[in-house]
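Colleague: Could you have a look at this structure, given as structure tokens, before my questions?
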Amino acid sequence: MMGRKSAGRKIFYMFDLDKRVPEDHLLRQISRAVDFSFIYDMVRPYYSHTGAPSVDPVVVFKMALLGYLYGITSERKLAEECRLNMAFIWFLGYDIDETPPDHSILSKARSRFGRDVYEQFFRHVVMLCEKAGLIEGNKVFLDATLLKANASLDSLTERRPYQELQTPEQYLDRVWAENETPEDPEDGEGSPIAPSGQNESKKGKGKPKTNERLVSRTDPDAALVTRINSKGVLLAHKVHIAVAGGPARIVTAVETTSGSVPEARVAAGLIGRHIWNTHLLPQEAIADRGYGRRYLYAFLKQAGILPSIPYPKPRKTMRKKKLEAGFVYDEKEDVYYCPQGKKMYRMDKSSDGALYRVHRHACRGCVYHGTLCKAKRPSIKTSYNDELMKWVNGHLATGYAKQSLKERPHRVETAFAELKGPLGLARATLRGREKVQIQALLACAVHNIKVKVMRKGRVPGWAKEMLLHFSVGFNSLALVF
Numbered sequence: 214m215m216g217r218k219s220a221g222r223k224i225f226y227m228f229d230l231d232k233r234v235p236e237d238h239l240l241r242q243i244s245r246a247v248d249f250s251f252i253y254d255m256v257r258p259y260y261s262h263t264g265a266p267s268v269d270p271v272v273v274f275k276m277a278l279l280g281y282l283y284g285i286t287s288e289r290k291l292a293e294e295c296r297l298n299m300a301f302i303w304f305l306g307y308d309i310d311e312t313p314p315d316h317s318i319l320s321k322a323r324s325r326f327g328r329d330v331y332e333q334f335f336r337h338v339v340m341l342c343e344k345a346g347l348i349e350g351n352k353v354f355l356d357a358t359l360l361k362a363n364a365s366l367d368s369l370t371e372r373r374p375y376q377e378l379q380t381p382e383q384y385l386d387r388v389w390a391e392n393e394t395p396e397d398p399e400d401g402e403g404s405p406i407a408p409s410g411q412n413e414s415k416k417g418k419g420k421p422k423t424n425e426r427l428v429s430r431t432d433p434d435a436a437l438v439t440r441i442n443s444k445g446v447l448l449a450h451k452v453h454i455a456v457a458g459g460p461a462r463i464v465t466a467v468e469t470t471s472g473s474v475p476e477a478r479v480a481a482g483l484i485g486r487h488i489w490n491t492h493l494l495p496q497e498a499i500a501d502r503g504y505g506r507r508y509l510y511a512f513l514k515q516a517g518i519l520p521s522i523p524y525p526k527p528r529k530t531m532r533k534k535k536l537e538a539g540f541v542y543d544e545k546e547d548v549y550y551c552p553q554g555k556k557m558y559r560m561d562k563s564s565d566g567a568l569y570r571v572h573r574h575a576c577r578g579c580v581y582h583g584t585l586c587k588a589k590r591p592s593i594k595t596s597y598n599d600e601l602m603k604w605v606n607g608h609l610a611t612g613y614a615k616q617s618l619k620e621r622p623h624r625v626e627t628a629f630a631e632l633k634g635p636l637g638l639a640r641a642t643l644r645g646r647e648k649v650q651i652q653a654l655l656a657c658a659v660h661n662i663k664v665k666v667m668r669k670g671r672v673p674g675w676a677k678e679m680l681l682h683f684s685v686g687f688n689s690l691a692l693v694f
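Quick note on numbering: my numbering labels position 145 of the sequence shown as 358, and the sequence is numbered without any gaps.
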């Protein structure tokens with residue numbers, strides 16, 4: 214017999230929301246893997262001990278995470294889904310007859326907490342991944358990507374008039390200051406107040422750059438950049454991340470800058486954040502050619518970190534010109550050989566470089582003396598940059614560095630593919646550097662949480678080594694007995 218569903222409404226219902234959410238649902242796995250109660254201690258200074266109770270801060274953070282988990286970039290759409298989706302209602306801790314909070318609670322939380330609280334939240338997620346054995350501290354991968362700003366090109370205006378815009382209070386203060394009667398100087402000659410900018414000296418003779426001349430009214434922190442593999446420009450921010458070594462691809466540090474900031478300028482601070490969040494000093498830093506700058510190499514050498522970072526265009530120094538003339542350098546013995554084959558030993562080493570010379574009696578009867586080698590004792594003086602690049606090239610020539618550079622696309626670029634794809638980090642939904650940083654922090658935190666959930670059954674690296682140690686010990690005991 215054919216059945217027919219009646220559309221009538223019941224007065225009483227026997228309904229259990231917990232039974233409607235499957236056991237293998239992603240939100241249920243996240244609830245078992247992450248205890249969000251640490252948020253209460255994190256945001257306690259931002260609430261008063263009196264007054265009406267606010268929305269649960271755990272609910273605020275969970276609601277924000279749902280938008281990145283399911284790629285919902287609109288907060289209004291997210292609030293609507295939280296009222297319709299039963300799994301969302303269960304994850305927020307509400308019942309079927311309760312209404313989740315409005316979308317405005319998310320913007321109010323960003324204004325109240327600021328960037329620091331979201332930094333602490335991201336750091337706690339990194340610590341959870343570290344306790345789960347998902348972070349290998351021997352390597353750190355660096356990369357950056359452009360994030361299209363939430364601003365139109367029509368919002369561009371001249372930077373100087375925009376910076377001179379003032380509030381009514383600032384304008385009144387300026388009027389009173391300019392119309393104040395000046396005191397007569399001792400010599401009786403008064404000096405009139407010059408208009409703003411009239412006596413300013415011109416700094417720089419060249420034409421100012423585009424980002425120095427133009428600014429967006431809606432998002433002043435965004436910068437004009439040229440699109441990759443296409444024509445035209447766009448307003449963009451740049452998101453820099455550090456990814457720990459290992460197959461888990463845990464993002465350990467995040468920094469957001471203007472789209473015109475070079476990657477190498479942020480690398481030192483990014484490595485510092487990585488060390489602060491993981492409490493691990495990496496042995497090697499891996500990045501592409503965009504990070505190949507001498508100041509970054511100097512920082513890595515001082516910090517004791519190996520640079521697996523190719524240099525884009527090496528400059529031709531005086532030492533290289535001498536090498537082209539016939540001088541050869543031996544990295545193993547750290548000596549130079551003149552065209553006649555005489556050894557040039559290191560005589561002096563300072564902070565500026567090193568000096569290599571041959572023995573004083575080695576040039577007797579040399580055919581090059583007076584022609585190629587004009588000095589009595591041929592010498593090569595290397596600068597600090599030459600010594601630094603010698604250290605960099607020596608490491609890049611090893612198989613260890615070549616293997617790390619092969620691993621780089623599989624570690625950091627795949628993390629960016631997920632961040633810009635399912636997690637919705639392809640475009641900025643907020644405006645301003647601080648708010649875009651919050652967006653990047655939450656997206657990377659969701660990425661780490663998903664990795665922790667997916668790899669919860671994996672054995673940590675230290676546990677594998679311990680099991681291998683005990684297994685070898687037991688096997689040796691078995692052979693003895």
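Every residue, glycine too, gets a C-beta built ideally from N, C-alpha and C.
Please read all numbers here as calculations on a predicted model, not as lab measurements.
What is the DSSP secondary structure of residue 351, reduced to helix, strand or coil?
Modeller: Position 138 of the sequence shown, counting from 1, holds the residue named residue 351. The answer is strand: DSSP assigns residue 351 an E or B state.
Colleague: Would you decide whether residue 492 is buried or exposed? Buried here means 16 or more other CB atoms lie within 10 Å of its CB.
Modeller: Here residue 492 is taken as the residue at index 279 of the sequence shown, counted from 1. Exposed: under 16 other Cβ atoms inside 10 Å.
Colleague: What are the start and end residues of each continuous beta strand (DSSP E) run of 3 or more residues lying completely inside the stretch 267-328, in chain order?
Modeller: Whole beta strand (DSSP E) segments, 3+ residues: zero.
Colleague: Let me check understanding here. Comparing Cα to Cα, which of 240, 258, 327, 317 lies closest to residue 302?
Modeller: The count along the sequence shown starts at 1 and reaches residue 302 at position 89. When only C-alpha atoms are compared, the closest one is 240.
Colleague: So what's residue 522 in DSSP terms, helix, strand or just coil?
Modeller: In the sequence shown, counting from the first residue as 1, residue 522 sits at position 309. DSSP places residue 522 in coil when its eight states are reduced to three.
Colleague: Please name the residue, chosen from 481, 648, 228, that lies closest to residue 356 on a Cα-to-Cα basis.
Modeller: Indexing the sequence shown from 1 puts residue 356 at position 143. Among 481, 648, 228, the Cα nearest to that of residue 356 belongs to 481.
Colleague: Any heavy atom of the ligand ATP within a distance shorter than 8 Å of the CB on residue 548?
Modeller: The ligand ATP is not part of the structure shown, which contains no ligands of any sort.
Colleague: Keeping to the same chain, check which residues put their C-beta closer than 8 Å to that of residue 559; ignore five residues upstream and five downstream.
Modeller: Counted from its first residue, the sequence shown places residue 559 at position 346. Result list for residue 559: 547, 548, 567, 568, 569, in chain order.
Colleague: Thinking C-beta only, is residue 497 closer than 9 Å to residue 483?
Modeller: Translated into positions along the sequence shown, residue 483 becomes position 270. Translated into positions along the sequence shown, residue 497 becomes position 284. In this structure, residue 497 does not lie closer than 9 Å to residue 483 by Cβ.
Colleague: From the DSSP output, read off the bridge partner residues of residue 605.
Modeller: The residue you call residue 605 lines up with position 392 of the sequence shown. None; residue 605 has no bridge partner.
Colleague: Provide the residue span of the alpha helix (DSSP H) that contains residue 439, from first to last.
Modeller: Residue numbering aside, residue 439 sits at position 226 when the sequence shown is read from its first letter. That residue, residue 439, is in no alpha helix (DSSP H); its beta strand (DSSP E) goes 436-439.
Colleague: From residue 411 to residue 449, what does the alpha carbon distance come to, in whole angstroms?
Modeller: As a working note, residue 411 is residue 198 in the sequence shown. As a working note, residue 449 is residue 236 in the sequence shown. Legend: pLDDT at residue 411 = 40, less than 50; position of this residue unreliable, no value from coordinates given.
Colleague: Determine, using beta carbons only, whether residue 284 and residue 517 come nearer to each other than 9 Å.
Modeller: In the sequence shown, residue 284 corresponds to position 71, counting from 1. In the sequence shown, residue 517 corresponds to position 304, counting from 1. The answer is no: Cβ separation not under 9 Å.
Colleague: Below 8 Å on the Cβ atoms is my guess for residue 540 versus residue 524; work out the distance and round it to an integer in Å.
Modeller: As a first step, residue 540 must be located in the sequence shown, where it is residue number 327. As a first step, residue 524 must be located in the sequence shown, where it is residue number 311. That pair is no contact at about 21 Å.
Colleague: Skipping 5 residues on each side, what residues in its chain have a beta carbon closer than 8 Å to that of residue 363?
Modeller: Here residue 363 is taken as the residue at index 150 of the sequence shown, counted from 1. So the list reads 431, 432, 640, 641, 642, 643, 644, once near-sequence residues are dropped.
Colleague: Taking 7 Å as the limit between beta carbons, can you name the residues of its chain near residue 251, skipping five residues before and five after?
Modeller: To locate residue 251, count along the sequence shown from 1; it is residue 38. Excluding positions up to five away in sequence, the list reads 337.
Colleague: Return the first residue and the last residue of the beta strand (DSSP E) that residue 550 is part of.
Modeller: Against the sequence shown, residue 550 aligns to sequence position 337. Looking at the DSSP string, the run of the beta strand (DSSP E) that includes residue 550 is 548-550.
Colleague: So, under 8 Å CB-CB, residue 465 and residue 487 are touching, yes? Tell me the CB distance rounded to an integer number of Å.
Modeller: What you label residue 465 is simply residue 252 of the sequence shown in a count that begins at 1. What you label residue 487 is simply residue 274 of the sequence shown in a count that begins at 1. So it is a contact: roughly 5 Å between Cβ atoms.
Colleague: Expressed to the nearest angstrom, what Euclidean distance is found between the alpha-carbon atoms of residue 627 and residue 324?
Modeller: Position 414 of the sequence shown holds residue 627. Position 111 of the sequence shown holds residue 324. If you take the alpha carbons of residue 627 and residue 324, they lie about 32 Å apart.
Colleague: Straight-line CA distance for residue 625 to residue 462?
Modeller: Stepping through the sequence shown from its first residue, residue 625 is reached at position 412. Stepping through the sequence shown from its first residue, residue 462 is reached at position 249. Approximately 7 Å, taken between the alpha carbons.
Colleague: So, for residue 271: in the same chain, excluding its five sequence neighbours on each side, which residues have a beta-carbon less than 6 Å away from its beta-carbon?
Modeller: Reading the sequence shown from its first residue, position 58 is the one you call residue 271. Cβ neighbours of residue 271 beyond the five flanking positions: 249, 252.
Colleague: So, is residue 652 buried or exposed, given that buried needs 16 or more other C-beta atoms within 10 angstroms?
Modeller: Translated into positions along the sequence shown, residue 652 becomes position 439. Answer is buried; the Cβ neighbour count reaches 16.
Colleague: Would you kindly report the start and end of the unbroken alpha helix (DSSP H) that includes residue 510?
Modeller: Indexing the sequence shown from 1 puts residue 510 at position 297. It spans 507-516 - the alpha helix (DSSP H) in which residue 510 sits, taken as one unbroken run.
Colleague: Locate the alpha helix (DSSP H) running through residue 481, then write down its first and last residues.
Modeller: Position 268 of the sequence shown, counting from 1, holds the residue named residue 481. That run of the alpha helix (DSSP H) goes 476-491.
Colleague: If you run the structure through DSSP and keep just helix, strand and coil, what is residue 346?
Modeller: Translated into the one-based positions of the sequence shown, residue 346 becomes position 133. If DSSP states are grouped into helix, strand and coil, residue 346 belongs with coil.
Colleague: What separation, rounded to the nearest whole angstrom, lies between the Cα atoms of residue 322 and residue 273?
Modeller: As a working note, residue 322 is residue 109 in the sequence shown. As a working note, residue 273 is residue 60 in the sequence shown. The alpha-carbon atoms of residue 322 and residue 273 are separated by roughly 8 Å.
Colleague: Check whether the stretch 288-308 touches the stretch 649-666, counting contact only when three or more Cβ pairs, one atom from each stretch, lie closer than 8 Å.
Modeller: With the cut-off at 8 Å, the stretch 288-308 and the stretch 649-666 do not touch.
Colleague: Rank 451, 666, 422, 495 by C-alpha distance to the C-alpha of residue 435 and give the top, closest one.
Modeller: The count along the sequence shown starts at 1 and reaches residue 435 at position 222. If we check each option's Cα against that of residue 435, 451 comes out closest.
Colleague: Could you have a look at residue 396 and say whether DSSP puts it in helix, strand or coil?
Modeller: Taking the sequence shown and counting its residues from 1, the one referred to as residue 396 is at position 183. Only weak support exists for where residue 396 lies, its pLDDT of 46 falling under 50; the coordinates are left without a value.
Colleague: Would you kindly report the start and end of the unbroken beta strand (DSSP E) that includes residue 429?
Modeller: Along the sequence shown, read from residue 1 onward, the residue named residue 429 stands at position 216. Run containing residue 429: 427-429, per the beta strand (DSSP E) assignment.
Colleague: Using C-beta distances below 8 Å, list every residue in its chain close to residue 297, excluding the 5 sequence neighbours before and after it, in chain order.
Modeller: By 1-based counting over the sequence shown, the position of residue 297 is 84. Cβ within range, chain order: n/a, list empty.
Colleague: By the 10 Å Cβ neighbour count, where 16 or more other Cβ atoms means buried, how is residue 326 classified, buried or exposed?
Modeller: Stepping through the sequence shown from its first residue, residue 326 is reached at position 113. Classification of residue 326: buried, given that the 10 Å Cβ count is 16 or more.
Colleague: For the candidate residues 633, 309, 352, whose alpha-carbon lies nearest to that of residue 740?
Modeller: No information on residue 740 is available, as it lies outside the stretch 214 to 694 that the chain covers here.
Colleague: State yes or no: is the C-beta of residue 446 within less than 9 Å of the C-beta of residue 366?
Modeller: Locating residue 446 in the sequence shown gives position 233, counting from the first residue. Locating residue 366 in the sequence shown gives position 153, counting from the first residue. Cβ distance < 9 Å, so residue 446 and residue 366 count as in contact.
Colleague: Which residues bound the beta strand (DSSP E) around residue 500?
Modeller: Your numbering for residue 500 matches position 287 in the sequence shown. Taken as a continuous stretch (DSSP letters only), residue 500 belongs to no beta strand (DSSP E), as it is neither H nor E.
Colleague: Whole angstroms are fine: how far does the CA of residue 663 sit from the CA of residue 598?
Modeller: Residue numbering aside, residue 598 sits at position 385 when the sequence shown is read from its first letter. Residue numbering aside, residue 663 sits at position 450 when the sequence shown is read from its first letter. Going by the C-alpha atoms only, they are around 43 Å apart.
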